[in-house]
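First the structure, in the form of structure tokens, and then the observations on it.
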Amino acid sequence: PKFSELYQLEFEFRGRVRIWVNNEMLIDDWTPSPFILARRAAVRLVAGQFMPLRIEYAADPAGALAILRWMSQNVPMEVIPTVRLYPEIP
């Protein structure tokens, strides 16, 4: 992230999801849903620091939807830019 502060992560989805940040489960909604849902969780992030993010997602058979957003005091609600996401670092 660009700023050291508390962020709200939001995952909008249809199906089931589990999300971990820094190996801490923040969102656990593994009950199947054909409806579009959104779940939020707060996490403190440090500017420029890599933080492991893991998402388990299973789409609903009626159609997939998976959108990951964040917001903070200095960042309006937005889809997390791909320049802020990195593949796993060994």
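Numbering-wise (this note's numbering), the sequence shown opens with residue 9 and increments by one.
Ideal Cβ positions, reconstructed from N, Cα and C, are used throughout, including at glycine.
Just so we're clear, the structure is a prediction, and the values are computed from it rather than from any experiment.
Pull the bridge partners of residue i from the DSSP assignment, please.
i          : result
residue 80 : 15
residue 71 : 68
residue 23 : 67
residue 33 : 28
residue 86 : 78
Look at the alpha carbon of residue i and the alpha carbon of residue j, and state the distance between them as a whole number of angstroms.
i          : j          : result
residue 80 : residue 73 : 23 angstroms
residue 18 : residue 90 : 16 angstroms
residue 61 : residue 32 : 9 angstroms
residue 41 : residue 22 : 6 angstroms
residue 46 : residue 75 : 9 angstroms
residue 48 : residue 27 : 10 angstroms
residue 68 : residue 30 : 27 angstroms
residue 38 : residue 44 : 14 angstroms
residue 92 : residue 9  : 7 angstroms
residue 84 : residue 65 : 25 angstroms
What's the call for residue i, buried or exposed, on a 16-neighbour Cβ count within 10 Å?
i          : result
residue 25 : buried
Indicate, with yes or no, if the ligand SAH has a heavy atom lying under 8 angstroms from the CB of residue i.
i          : result
residue 86 : Among the components modelled here there is no ligand, and therefore nothing to report on the ligand SAH.
So what does DSSP say about residue i, is it helix, strand or coil?
i          : result
residue 54 : coil
Note to self: For the pair the region 14-25 and the region 41-52, tell me if three or more CB-CB distances fall below 8 angstroms.
What the structure shows: yes
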